Amino acid sequence: IAAQLQAGPLKGKRIIVTSGPTHEPIDPVRYIANRSSGAQGAAVARALQALGAEVVFITGPATVRPPEGVQVVPVETAREMQAAVDAALPADAGVFAAAVADWRVASASDRKLKKTKDGMPRLEFAENPDILRDVSTRAEGRPGLVVGFAAETNDVVEHATAKRLRKGCDWIVANDVSPATGIMGGTENAVVLITADGAQHWPRMPKEQVAARLAEIICNALSSPIS
Ligand code: CTP
Ligand code: CA
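Each step along the sequence shown adds one to the number in the numbering used here, with nothing skipped, and position 165 is 576.
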């Protein structure tokens, strides 16, 4: 209700935000995951909501709490996240900040794997659906603005520029997550915004400020046609 009463320049705009890691089960007690805290995604959701957007926040098992006043859809796996995104469409924009696991265990065991004398289990992997690419390339119901994130450890602009084209999204918010930057799991972010016009380097700033700036340009893009 709070979200519906909210005024602001994004009033009446429905925006999907994915966030957090995904967990891919190995067996009922074990999983494969990554170091995403979900902080940047939560900050983006909060900033969009502050501008009046109706936010559907689809989150994997993050360490940060989801923002108040947004519709929260908790998921665990990449496939659950994709189903939740499909169910949340149509939307005016989508911001895909989740660190989706690229692979899942092909045949997760429904019983706990046990130690045996025959040695260790061999895990086979299957590729997860690419949620961002699938949404970006939808024949029908593609949000007017699709924003992806790209965490890279090297050649950030080159990789993210190629990624933007490969995925078919409008913008990529890229960042350098190599361990020396301390960005993964930290409170600050240094991003490069990749659009059709090229790369724009933003200074390192708190994740809330990255989110506020991103929300502002999303707002501008939704009020005027995207170049
Ligand atoms: N993404 C997604 N679904 C996936 C993988 C990624 O929706 N299965 C989204 C992420 O949320 C992010 C963007 O795609 O917005 C880029 O994710 P990234 O992991 O950097 O890209 P990949 O295509 O998986 O490439 P890489 O090999 O670098 O991991
Ligand atoms: Ca990936």
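Note that beta-carbon positions come from the ideal geometry of N, C-alpha and C, so glycine has one too. Please read all numbers here as calculations on a predicted model, not as lab measurements.
Assigned exposure category for residue i - 16 Cβ within 10 Å defines buried
i	result
L421	buried
S634	exposed
A591	exposed
P554	buried
A607	exposed
T429	buried
P477	buried
T598	exposed
V440	exposed
Q611	exposed
K578	buried
Beta-bridge pairing of residue i - partner residues as DSSP gives them
i	result
L462	Bridge partners of L462: none, in fact.
L604	V584, Q611
M616	N600
G555	G555 is not bridged to any residue.
R515	A537
Nonlocal neighbours in the same chain, by C-beta distance under 6 Å from residue i, ignoring five residues either side
i	result
R575	I583, I605
Spatial distance of residue i from residue j (CA atoms)
i	j	result
A431	F468	The residue asked about is misnamed: residue 431 is Gly in this sequence, not Ala. So the two alpha carbons sit approximately 10 Å from each other.
L534	A517	8 Å
A502	E479	20 Å
S520	P436	8 Å
R641	D541	The structure shown does not extend to residue 641, since the chain spans only 412 to 638, so no value can be given for it.
A458	A510	19 Å
Y442	H434	6 Å
T474	G449	7 Å
G471	T488	7 Å
I629	N586	18 Å
N539	R515	6 Å
Beta-carbon proximity list for residue i, same chain, < 7 Å, skipping 5 on both sides
i	result
C580	L543, S547, V557, V558, G559
A495	I469, V484, V486
V481	A414, A456, Q460, V466, F468
Sequence-distant residues of the same chain with beta carbon closer than 8 Å to residue i, five excluded per side
i	result
V588	A562, E563, T564, I594, M595
Neighbour flag for residue i against chain E, beta carbons, 8 Å
i	result
A461	Chain labels in this structure do not include chain E; a single protein chain is all it has.
Counting pairs of Cβ atoms below 8 Å between the stretch 561-568 and the stretch 528-542, do you hit three or more?
no
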